[in-house]
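Enquirer: Structure provided below as structure tokens; questions to follow.
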Amino acid sequence: MNTRSLSLFRRSLFLLALFCLPIAAQAAKPIPGHMAVEGELYISEEAAAQADDYQLEMCRLDLYVPDDVKDFPTVIWLHGGGLTGGKRCIPRDLKDKGLGVVGVEYRLSPQADLPAFLEDAAAATAWVLDNIAKYGGDPNKVFISGHSAGGYLAAMVGMDPRWLAQYGHQPNDLAGVIPCSGQMSTHFTVKKLRGDTEPQWRIVVDEYAPFTHASKDLPPICLILGDRYLDYPNRTVENDLLATSLRNLGHPHVEFYELKGLNHGSMARAQFVIIPEFIERVLNGDPPPKGQI
1 MNTRSLSLFR RSLFLLALFC LPIAAQAAKP IPGHMAVEGE LYISEEAAAQ
51 ADDYQLEMCR LDLYVPDDVK DFPTVIWLHG GGLTGGKRCI PRDLKDKGLG
101 VVGVEYRLSP QADLPAFLED AAAATAWVLD NIAKYGGDPN KVFISGHSAG
151 GYLAAMVGMD PRWLAQYGHQ PNDLAGVIPC SGQMSTHFTV KKLRGDTEPQ
201 WRIVVDEYAP FTHASKDLPP ICLILGDRYL DYPNRTVEND LLATSLRNLG
251 HPHVEFYELK GLNHGSMARA QFVIIPEFIE RVLNGDPPPK GQI
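Dropping the structure here:
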């Protein structure tokens, strides 16, 4: 079997296993849920009084909660779109799993300037930490996640303490951080907004890079990526390096998944298989799976 045929064979095996996993997971009885909040403004009354129309339009969230589940864990979900597009959503693959799910809208470039999207992601996170108990959730079981640009925002809010500090919170108020195909160097849109005219994929590590804020004293972290040869340039390697750095710093719970054969878009289905299992391990106090050193 030649190299190309072997690669296709391995990809076929992976995809077969991937799409069998949800079937096995669904053998357990789904836990129904409902939308508890739609279009909630998550900034404070004081901030809203000074906000422009665009901020009032964008700084909103939706909340899906499971039925008849006490003190449920919650996933804050930040959408992708390069920090220039995208809309808030409640991922269907996170529903019916006994989780609360928060879909967050945030301001985008060029309508808003840096660091508006980071400020909004932090404000929405603080809203969840402060309010989820009213809807039956446990504020000590709040995880932050997102895909692509949303993964970058999740990493920044969950690793750099300055964003939550203004709301009286810190990264360790979160139960876990789950960036999915997020950029761990400075995001390419952030570089552009800061006047960097070098090629998009030139790596920059400054205050706006999750790399800069690596520490052993962070919540459990789960990094989920596509194949390093198929996901965005540098993306998987950056996350692999961050995982290694965190472990070398002494971080006690880091998980890294490279989904072979899947690209930046196709890995988005697989991430929802991994996320609930990571949440369960963290809440049970279980270590990372064997092989996650």
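Per my numbering, the sequence shown starts with residue 1, numbered consecutively. Where a beta carbon is used, it is the ideal one built from N, C-alpha and C, also for glycine. These numbers come from a predicted model, not from an experiment.
1. Using three-state DSSP, classify E38 as helix, strand or coil.
2. Between the beta-carbon of M267 and the beta-carbon of S181, is there less than 8 Å?
3. Tell me the start and end of each unbroken beta strand (DSSP E) in the region 150–205 that is at least 3 residues and wholly inside, in chain order.
4. Using alpha carbons as the reference points, say which of K87, V102, H79, F72 lies closest to Y64.
5. Under 8 Å between C-beta atoms, does G250 make it to chain B?
6. For Y54, which three-state DSSP category applies?
7. Output the distance between the C-alpha atoms of G285 and H253, rounded to the nearest integer angstrom.
8. I need the straight-line Cα distance from M159 to A214, nearest angstrom please.
9. When the Cβ atoms of the region 161–172 are set against those of the region 186–199, are three or more pairs found closer than 8 Å?
10. So is M35 buried or exposed if we call it buried at 16+ other beta carbons inside 10 Å?
11. Comparing C-alpha positions only, which one of K70, D71, A126 sits nearest to L41?
12. Quick one: using the 10 Å Cβ neighbour count with 16 as the cut-off for buried, is T236 buried or exposed?
13. Tell whether a beta-carbon distance below 8 Å holds between R88 and H79.
14. Can you check the region 235–278 for any beta strand (DSSP E) of at least 3 residues that lies completely inside it and give the ranges in chain order?
15. Determine the closest residue to P32 out of S109, G81, D217, L99, with distance taken between C-alpha atoms.
16. Might you give, ordered along the chain, the residues of its own chain that have their beta carbon closer than 6 Å to the beta carbon of A209, omitting 5 neighbours on each side?
17. Go ahead and pull the three-state DSSP assignment for H147.
18. Pop quiz: V69 and G176 are said to be a contact at Cβ under 8 Å. What is the actual Cβ separation, rounded to whole angstroms?
19. So, with DSSP's three-state summary, where would you put L83?
20. Are the beta-carbon atoms belonging to N239 and F256 less than 8 Å from one another?
21. Which residue from A270, E280, G265, K290 puts its Cα closest to that of G81?
22. For P289, count the other beta carbons within 10 Å of its own beta carbon; 16 or more makes it buried, fewer makes it exposed. Which is it?
23. Reducing DSSP to helix, strand and coil, say where P289 ends up.
24. For R228, name the three-state secondary structure that DSSP assigns.
25. Based on the DSSP output, what are the partners of K134 in its beta bridges?
Expert: Once the coordinates are examined:
1. Position 38 of the sequence shown, counting from 1, holds the residue named residue 38. Here E38 sits in strand by DSSP.
2. Here the question's residue 267 lines up with position 267 in the sequence shown. Here the question's residue 181 lines up with position 181 in the sequence shown. Contact: yes.
3. 176–180
4. In the sequence shown, counting from the first residue as 1, residue 64 sits at position 64. The option with the nearest alpha carbon to Y64 is V102.
5. In summary, chain B is missing from the structure at hand, where a single protein chain is found.
6. The residue given as residue 54 occupies position 54 in the sequence shown. If DSSP states are grouped into helix, strand and coil, Y54 belongs with the helices.
7. Sequence index remark: in the sequence shown, residue 285 carries index 285 (1-based). Sequence index remark: in the sequence shown, residue 253 carries index 253 (1-based). Going by the C-alpha atoms only, they are around 10 Å apart.
8. Counting from 1 along the sequence shown, the entry for residue 159 is found at position 159. Counting from 1 along the sequence shown, the entry for residue 214 is found at position 214. Using only the alpha carbons, I get a separation of about 7 Å.
9. no
10. By 1-based counting over the sequence shown, the position of residue 35 is 35. Classification of M35: exposed, given that the 10 Å Cβ count is below 16.
11. By one-based count along the sequence shown, residue 41 stands at place 41. With distances taken between Cα atoms, L41 lies closest to A126.
12. Along the sequence shown, read from residue 1 onward, the residue named residue 236 stands at position 236. By the neighbour-count rule (16 or more Cβ atoms within 10 Å), T236 is buried.
13. Walking along the sequence shown from the start, residue 88 turns up at place 88. Walking along the sequence shown from the start, residue 79 turns up at place 79. Yes. Within cutoff.
14. 254–259
15. By 1-based counting over the sequence shown, the position of residue 32 is 32. Selected option, being the one with the closest Cα: L99.
16. Locating residue 209 in the sequence shown gives position 209, where the first residue counts as 1. Taken in chain order, the residues that qualify are S185, T186.
17. Residue 147 sits at position 147 when you count from the first residue of the sequence shown. Three-state result, H147: strand.
18. Taking the first residue of the sequence shown as position 1, residue 69 is located at position 69. Taking the first residue of the sequence shown as position 1, residue 176 is located at position 176. Not quite, the Cβ-Cβ distance comes to about 18 Å (not below 8 Å), so this is no contact.
19. Stepping through the sequence shown from its first residue, residue 83 is reached at position 83. L83 falls in the coil class under three-state DSSP.
20. In the sequence shown, residue 239 corresponds to position 239, counting from 1. In the sequence shown, residue 256 corresponds to position 256, counting from 1. Contact: yes.
21. For the purposes of this step, residue 81 is taken as the residue at position 81 of the sequence shown. Looking at the Cα atoms, G265 is the closest of the given residues.
22. As a position in the sequence shown, residue 289 is number 289, starting the count at 1. P289 comes out exposed.
23. In the sequence shown, counting from the first residue as 1, residue 289 sits at position 289. Note: P289 maps to coil in three-state DSSP.
24. Taking the first residue of the sequence shown as 1, we reach residue 228 at position 228. The answer is coil: DSSP assigns R228 none of H, G, I, E or B.
25. Taking the sequence shown and counting its residues from 1, the one referred to as residue 134 is at position 134. K134 is not bridged to any residue.
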